[in-house]
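Trainee:
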Amino acid sequence: MLRLPELEVIIATSLTEALTRLAAGPAARPILGGTDLVANLKTGHTKAQTLVAIGQLPELQGVDASGDVVRIGAAVHQAELARDPDILELFPALAYAVGRIASPQIRNAGTLGGNLCLDTRCRFINQSDLWREALGGCLKSHGKECHVIPGGGGCVAALSADSVPILMVLGAEAEIARVQDGALVTRRTPIADLYDSDGRRHVRIADGELLVAVHVPKLPHGARAVYRKWAVRQSIDFPLVSVAVRLDLDDAGKLKQGKVAIGVLGPRPRLLALDRWAGRTLDEDLAKQVAQYVFDRSHPLPNVLYDHEYRRERLRVEVLRALRTWYAPAAVGGAGR
Amino acid sequence: MTRPLSDNPTARDLHRITVDHSPVDETPVVGSRHGRVDALDLLTGVGKYADDLVLPRMLHCKILRSPHAHARILHIDTSAAESMQGVHAVITGADLPVRYGVIPWTQDEYPLALDKVRYVGDAVAAVAASSEDVARAALARIAVNYEVLPALADPREALARSDVKIHEDNKHGNISKQVTLAFGDVDAALAQAELVIEGDYLFHGSTHGAIEPHCAIGHVDGHGLLTVWSATQVPHYLHRELGRVLDRPSHSIRVIQPPVGGAFGGKSEPFDLEFCVAKLAELTGRPVKCLYTREEVFLAHRGRHPFQMHYKTGFDRDGHILAVDGKSLLDGGAYSSFGLVTTYYSGQLLGSPYTFPAFRFDSTRVYTNKPCCGPKRGHGSVQPRFAIEVQLDKAAVALGLDPIELRRRNFIGENTQTIGGFHVGSSGFLQCLDEVERASGWRQRRGKLPKGRGLGIAGSTYISGTNYCIYPTELPQSAVQICLDRSGRVRVFVGTSEIGQGSNTVVATLAADELGVELEDMRVLAADSDLTPVDLGAYSSRGTLMAGNACLAATRELAAKLREVIASTWDCPAGDVGLAHRKAYRLSDPSVWMPIQEAFILAESKLGTLGAVGSYKTPTANVHGDYRGGTIGASPAYSFTAHVAEVEVDEETGDVTVLQIWCAHDCGLALSPTLVEGQIEGSTYMGAAEALMEHHRVLPSGLRTDGQKRDTGPGVEGLLAASSLLDYRMPTSMDVPELTALIVERPDPRGPRGAKEAGEGPLHSSIPAIANAVYDAVGVRIDDLPIAPEKILAALKRKASPSGEVR
Amino acid sequence: MTAAENRSAARAAQLLHFQLNGEAVAVAAPPHWTLLEVLRYQLNLTGTKQGCDKGDCGACTVRLDGAPVLSCMTLAALVQGRAVETVEGLGVGGEPHPLQRAFAELGAAQCGFCTPGMLMSAAAYLDDLATREAPAVDTGEISAVLGGNLCRCTGYTKIVQAVAVAAGEVIERTQLLAEMSNDDGGMP
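Chains as they are written, first to last, in the working numbering: chain R, 71 to 407; chain Y, 14 to 820; chain F, -10 to 177.
Okay, here's the thing in structure tokens:
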């Protein structure tokens, strides 16, 4: 069987302690549910000497919906979030998205913070040591060549986190803590800016920093978001197409503003504004234009294990179906909110 | 009621006649509703699978595997690994330089590669160490010098290239096996046909996906007896090959097969780990365990061969088949495995349930530098069955016939011969068609379903074991030994391999009825070469028929003894003694009876310890063809199946959702209906999975038809695209259709109480039924499996364009 | 101490205390061991199975503080002080759990290898069902609950049936208990 490499586990008792340990560099990694990290450590493309367990830290707990902005602790389990009454009421699409992550067991252990920091995925990296050795490595492992884009200079492994696109269109922010001059400080960064285009290190959280919570502003009147995921199987799978759509409509039902966030492209999700259609009423014709607009600007790559041309075509349909939930909800096939 | 027996009753105590007016329950155990007799052991976590066994001082083995698809081994340096603390032994090919292979004529594997590696994952060296961690660390310190050779991943390229040979001593380039057989004048029949359906069919490879990874433990005891516990479905073949490779007399080897966590053909031949643990146990004097990683299971493979098929079928205007002409290219991977048989089966198993007045097949299996293909559930015939059943559907459309009616018209009948000379005994094929037609509401619903929905039909047949063993022998194929016990228990020692299919339950069910006990009174001890007689293993759906017959032979002998003893006590003819449900009773007057335990004690006190053996030899006269290869695939009895699938196709996304599948399967007689349903459901699901999503894909290319694009991948040949249970997508509980199992019983005189197989047949027609339903739903044919959404969209696009193909 | 010695000391086996099937256990485990490895290879509770190495199949499912999780992905070090339930803890007093009985009778276990994991996912669902106000058997929900447990033998049909049967029993018992307590409440 595949076993973990030898490592050290430290159960952090305070945020400051955790941050201090993590400041040691990439050899120390934070662990929450471990559902991604443990697999990557076992298959050997992630290395760590020390795991700093942060699941018990109070700053990372709970859903607080008392203000205008809902704070969700990074350690809140995906399963909890998917059935949280406040989340179900305020952001049903977020509850749906985290409820579609992997499998029930993984959602019971996996956390929102863990999903946001999910490592990028690629069919040339999520393999065994033997496999990568046979390949000669790639930019994300020990090699010098990208096999997704031959000759490409950067790693284009895919961001595959179900929660990211929906949090982007909801305008959520990440709360990131670090210790500076002995004091605990936090910074906020929009989820939309949290990701970089380098698949080797796509989350813009430095060594010695920690994602502690996510802040999601409550939606104004007339706004709603939808998440759509496509994977071959109804359970277990990472998304092969992942798209969130948010529309803000005025009382007359005309578009004020809209956003589409697309995952599973490269390391960085894409956020598109639909402002050019402001003032228009959504119908099938407009929806098709929007879907085409998204299609034209999105280029799924042969990084994850499915035909990328189909994934692009599928993306168009999923955008269309997301939009149909506004004007023809009964016609929407498959799941989706 | 009778008074309770003392713990140690004397014979005199028992010379009583019990009078009771309660009627005897004559409902047979056979056919009753019950689960696996040993289910609770497994459900409570008590049952011990191979990796659950731990022996004192046990070492752990890991195997070093080749990172090259094709390379010559120049030098191996194991010294650094050997010098590590905790490393007890390191072996390489030189330690086991004997070729093996499950088919004696095509042995082309070494336990550890001797001179060459032939696929990424080929075993090169093995380490026994104090822990898996140390063993793994030691592998990293074995230095292997390779001379990398050109690798061949595409079977068509392997066929064309004469400069690169995967097996140097192979006679015909990279051809592993070529079979051409022709019966009747195919060309003339096709020339006269009213309608000829011709087409290419692609069936990409798939793998077994048993949840338990392969695991083996070797141990040599103080007497020099080598014991190997292995998650195998062929302990007997393992026993033989261990003897050959380790150069040990077979009496000094004991093979024990613990409960197996699924196999489906994936554990039906010896594997490197079994030889390695045995050799390392010999060298270290300590028990050695090896447990495959999931990736190693994918590399060991032996899964369904990718087939590229070209089929031509001629029909008269009434839909009668006139001739079938099939040409197949089989991608064999690096070694032979069962490939010789696969190549024959690709044609030989097509001879029923339809009459082929003329038939020709030409199948070529090619070596490639990829994980080796072999037998997966429905070995050899699932792929061509797909082609045939789709062709029948196309013919029905072209001729304006109901596809079920077309199949009925071509039914070969019972007690007849296929064109290849196989004797077909009982056949419930027509009843299978009737059942799925009725249950699916075919007549009322077909053609009237909402847009995007469709129904499809397909039929098939399979063997209940084969008449000839893999190696030439006159010995029985299966045997059992049965003992009765003064506790009222019946012990059955049987060589069969319980792999979840319920073989222990099958023998228990048959024996319980013959001996008048309940299933709970049965103790079945299976697959331990020291304790149980030989059975060839759990493959080719042979268990029920062969072990069942052997069991009946033994139990009937014992039951006759019992009856005689009881009859003499009751002073009645032996033929008047009935045995059922823990009672011996007079058939003519059931009020006269005694508990079966008393009957056992009575008989034991008169005759001594009660035991009997029984064995089964397959028929060999007039059951197969009289030509080279004419015996391969001939079976004592054949099962028959029909499937109707109902699908919904989303024309916007190309998604195919299988809503329901009805499967009717003629298993002769359902000894354990619940288990038969389980086999039908499991087979049907597995077929549906192959139809829709499963693909054991190798980068950069597998089979493809002319004009298809090359599978994208890196410039490295022979890498598995999916080598985990995440990437190799097997359906979850949320992805399966509703499955309706319909049991059809057409007893066969050669089956035990008429029973035939149920474990593999019901997979075949699941796949073409879905393909045919897709056509019914949206009018496109996907002849290139799996039926993935992008193929549906492309086909719909072709159909819509004015220049698109019309079929 | 050198840095290497320091590290090696830190990586030495640590004593873990947790509840296992209702009993307190203490076991020394190296920090890189998973819960699955500790259960199977240190505590000899081999009922929990290993199928895929890394969280893809669900065979290793156990309950951690009641919730089904994958023990192959759970660091043993992180179950300190928590409650673990395995298939060996199902059933009371030697009597099989209603799920085990239903699985056995209905043929829901063929090879039986995925079954312990299935049972743990299903047991959590049954416990959840018992806490609901108006529990009902819903096979769609059962399929979703089992969505992380791959079975290769059954096609899931009989597994879903068996869970539905056991769920029916739970609902009946819960309702019976509720009626009884209502009766009590009505008493003076």
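For glycine and all other residues, C-beta sits at the position ideal for the given N, C-alpha and C.
Would you mind stating whether Y:Val657 and Y:Thr670 have Cβ atoms separated by less than 9 angstroms?
Mentor: No, Cβ-Cβ distance for Y:Val657 and Y:Thr670 is not below 9 angstroms.
Trainee: Could you give the C-beta distance for Y:Val161 and Y:Ala84, rounded to a whole number, given that I count them as a contact under 8 angstroms?
Mentor: That belief holds up - the Cβ atoms of Y:Val161 and Y:Ala84 are roughly 5 angstroms apart, short of 8 angstroms.
Trainee: Where does the unbroken beta strand (DSSP E) through Y:Gly624 begin, and where does it stop?
Mentor: Its beta strand (DSSP E) spans residues 624 to 629.
Trainee: Sorted by chain position, which residues of the same chain lie with C-beta nearer than 8 angstroms to F:Asn171's C-beta, five sequence neighbours on each side aside?
Mentor: Cβ within range, chain order: n/a, list empty.
Trainee: Please confirm whether Y:Pro168 and Y:Gln396 have their CB atoms less than 9 angstroms apart.
Mentor: No, the pair does not count as a contact, with Cβ atoms beyond the cut-off.
Trainee: In chain R, what lies closer than 9 angstroms to Y:Leu488 by C-beta?
Mentor: Those do not exist, as Y:Leu488 stays about 38 angstroms from chain R at its closest Cβ, beyond 9 angstroms.
Trainee: Please report how far the alpha carbon of Y:Ile401 lies from the alpha carbon of R:Gln359, in whole angstroms.
Mentor: For Y:Ile401 and R:Gln359, the distance between alpha carbons rounds to 45 angstroms.
Trainee: With a threshold of 9 angstroms between beta-carbons, can Y:Met535 be considered close to chain F, or not?
Mentor: Not closer than 9 angstroms to any Cβ of chain F, the Cβ of Y:Met535 fails to qualify, so no.
Trainee: Identify whether Y:Cys680 lies in helix, strand or coil by the three-state DSSP scheme.
Mentor: Coil.
Trainee: Can you find the residues in the same chain that come closer than 6 angstroms, C-beta to C-beta, to Y:Gly681, ignoring five residues on each side of it along the sequence?
Mentor: The answer, listed in chain order, is Pro760, Asp761, Gly764, Gly767, Ala768, Lys769.
Trainee: Which same chain residues, not among the five before or five after Y:Glu295, have their C-beta less than 6 angstroms away from its C-beta?
Mentor: Within the same chain, Y:Glu295 has close Cβ partners Val233.
Trainee: I need the DSSP call for Y:His777, collapsed to helix, strand or coil.
Mentor: Of the three classes helix, strand and coil, the one that applies to Y:His777 here is helix, per DSSP.
Trainee: For a contact defined as C-beta to C-beta under 9 angstroms, what are the partners of Y:Val729 on chain R?
Mentor: Here the neighbours are Ala204, Leu205, Gly206, His217.
Trainee: Would you say R:Tyr380 faces chain Y, with C-beta separation under 9 angstroms as the test?
Mentor: Yes, contact with chain Y.
Trainee: According to DSSP, which residues form a beta bridge with Y:Pro300?
Mentor: Y:Pro300 pairs with nothing; no bridge assigned.
Trainee: Counting contacts by CB-CB distance shorter than 9 angstroms, is F:Leu34 in contact with chain Y?
Mentor: Interface residue, yes.
Trainee: Can you name the residues that DSSP bridges to R:Tyr297?
Mentor: R:Ala314, per the DSSP bridge assignment.
Trainee: Let me know the secondary structure DSSP gives Y:Thr91 once reduced to three states.
Mentor: Here Y:Thr91 sits in coil by DSSP.
Trainee: Is F:Arg71 helix, strand or coil by DSSP?
Mentor: F:Arg71: coil per DSSP, three-state reduction.
Trainee: Does R:Phe308 have its Cβ less than 9 angstroms from a Cβ in chain Y?
Mentor: True, the Cβ-Cβ gap to chain Y drops below 9 angstroms.
Trainee: Report the three-state DSSP secondary structure of Y:Cys385 (helix, strand or coil).
Mentor: Coil, per DSSP.
Trainee: Is there a Cβ from chain Y that is less than 9 angstroms from the Cβ of F:Asp45?
Mentor: By this cut-off, F:Asp45 is an interface position.
Trainee: From which residue to which residue does the alpha helix (DSSP H) around F:Phe92 run?
Mentor: Run containing F:Phe92: 87 to 94, per the alpha helix (DSSP H) assignment.
Trainee: So for R:Gly406, helix, strand or coil by DSSP?
Mentor: Its pLDDT being 40, under 50, R:Gly406 is placed unreliably by the model, and the measurement read from it follows with that caveat. DSSP places R:Gly406 in coil when its eight states are reduced to three.
Trainee: For F:Asn10, which option in F:Leu4, F:Cys49, F:Gly80 has the closest C-alpha, if you only look at C-alpha atoms?
Mentor: Out of F:Leu4, F:Cys49, F:Gly80, F:Gly80 has the C-alpha closest to the C-alpha of F:Asn10.
Trainee: Just by C-beta distance, which residues in the stretch 739 to 752 of chain Y are closer than 7 angstroms to chain F?
Mentor: Correct list: Leu739, Met743, Thr745, Ser746, Met747, Val749, Leu752.
Trainee: Can you tell me whether F:Asp45 is buried or exposed, with buried defined as 16 or more other CB within 10 angstroms of its CB?
Mentor: Answer is buried; the Cβ neighbour count reaches 16.
Trainee: Does the count of Cβ pairs from the stretch 118 to 129 of chain R and the stretch 152 to 169 of chain R closer than 8 angstroms reach three?
Mentor: With a cut-off of 8 angstroms, the stretch 152 to 169 of chain R and the stretch 118 to 129 of chain R do not count as touching, because too few Cβ pairs lie within range.
Trainee: Below 6 angstroms CB to CB, which residues in the same chain sit around Y:Val301 once its five sequence neighbours on both sides are set aside?
Mentor: Leu72, Cys74, Ala141, Gly231, Val290, Leu293, Ala294.
Trainee: Pick out whichever of Y:Val493, Y:His594, Y:Gly339 has its Cα sitting closest to the Cα of Y:Asp534.
Mentor: Nearest option by C-alpha distance: Y:His594.
Trainee: Looking at the strands, I want to know which residues DSSP matches up with R:Pro287.
Mentor: According to DSSP, which records beta bridges pairwise, R:Pro287 is partnered with R:Val139.
Trainee: On the three-state DSSP scale, how would you describe Y:Tyr481?
Mentor: In the structure shown, Y:Tyr481 sits in coil (DSSP, three-state: anything other than H, G, I, E or B).
Trainee: Exposed or buried, R:Val146, counting other C-beta atoms within 10 Å across all chains shown (16 or more means buried)?
Mentor: Buried is the call here.
Trainee: Can you tell me the Cα-Cα spacing of Y:Val403 and Y:Asn785, whole angstroms?
Mentor: Rounded to the nearest angstrom, the two C-alpha atoms are 6 angstroms apart.
Trainee: If you check the beta carbons only, do F:Phe102 and F:Ile148 fall under 9 angstroms apart?
Mentor: No.
Trainee: Distance check for Y:Ile210 and Y:Arg330, CA to CA, integer angstroms please.
Mentor: Taking the straight line joining both Cα atoms gives about 13 angstroms.
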